[in-house]
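Since the structure comes first, as structure tokens, the remarks are kept for the end.
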Amino acid sequence: MEKENLFLTWSLIDFHKMIQQVEFSLSAKRRGFHLVTSEIEFHLPKLPKQGILNLFIQHTSAAITINENYDPTVREDFEQSMNNLVKENEPFYKHTLEGSDDMPAHIKSSLMGFSVSIPITDFQLNLGENGQDFCIFF
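Residue numbering for the sequence shown follows the numbering used here, beginning at 22 and increasing consecutively.
Put into structure tokens, the structure is as follows:
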């Protein structure tokens, strides 16, 4: 599968102002699980004291999730588990024109999700205390 830029939309709900919405793209990535927190934060405005950030990934064969970043083997295990759960080249796949990894990517995307909502607390994304980051899956 050819690498391509990934488009996301963020919507910021500030409890004291109007909702903002912006579309942006992340740099092209190869297949796998990638940390993208700093790349996403680059595209965000100054955050309010309190609010909610919703990220929506505009791609049908990619997903976004929040997970641990303390131990990088978590991403490796996640990828291995997803590849074991949803295999390539299954004989029952009919959608094969875009390559053997395309249909599994659509299924994985649907299983993992295309949107996350994160609370904003004291002008920062409240991702928790365990080194959590945004992870993009292709």
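Glycine residues also receive a C-beta, built at the ideal position from the N, C-alpha and C atoms.
Along the beta strand (DSSP E) that carries residue i, what are the first and last residues, could you check?
{"i": "Thr94", "result": "Here Thr94 belongs to no beta strand (DSSP E); instead the alpha helix (DSSP H) covers Thr94 to Leu106."}
{"i": "Pro125", "result": "Premise fails: Pro125 lies in the alpha helix (DSSP H), Asp123 to Met133, not in any beta strand (DSSP E)."}
{"i": "Thr142", "result": "Ser136 to Thr142"}
Here's the rule I'm using: 16 or more other beta-carbon atoms within 10 Å means buried, otherwise exposed. How should residue i be labelled?
{"i": "Lys108", "result": "exposed"}
{"i": "Ala84", "result": "buried"}
{"i": "Leu47", "result": "buried"}
{"i": "Phe158", "result": "buried"}
{"i": "Ser130", "result": "buried"}
{"i": "Val57", "result": "buried"}
In chain order, what residues of the same chain lie with their CB nearer than 6 Å to the CB of residue i, ignoring the 5 residues before and after it?
{"i": "Ser138", "result": "Ile73 and Asn75"}
Here's a check: name, in chain order, each residue in its chain whose Cβ is nearer than 8 Å to the Cβ of residue i, leaving out the five neighbours to either side.
{"i": "His116", "result": "Asp123, Met124 and His127"}
Give every residue of the same chain whose Cβ lies closer than 7 Å to the Cβ of residue i, excluding the five residues on either side of it in the sequence, and list them in chain order.
{"i": "Glu100", "result": "Gly53 and Phe54"}
Whole-angstrom Cβ separation of residue i and residue j, contact assumed at under 8 Å?
{"i": "Gln153", "j": "Glu89", "result": "6 Å"}
Considering only residues of the region 45-88, which uninterrupted alpha helix (DSSP H) runs meet the minimum length of 4 residues and lie entirely inside it, listed in chain order?
Complete alpha helix (DSSP H) runs here, min 4: 58-63.
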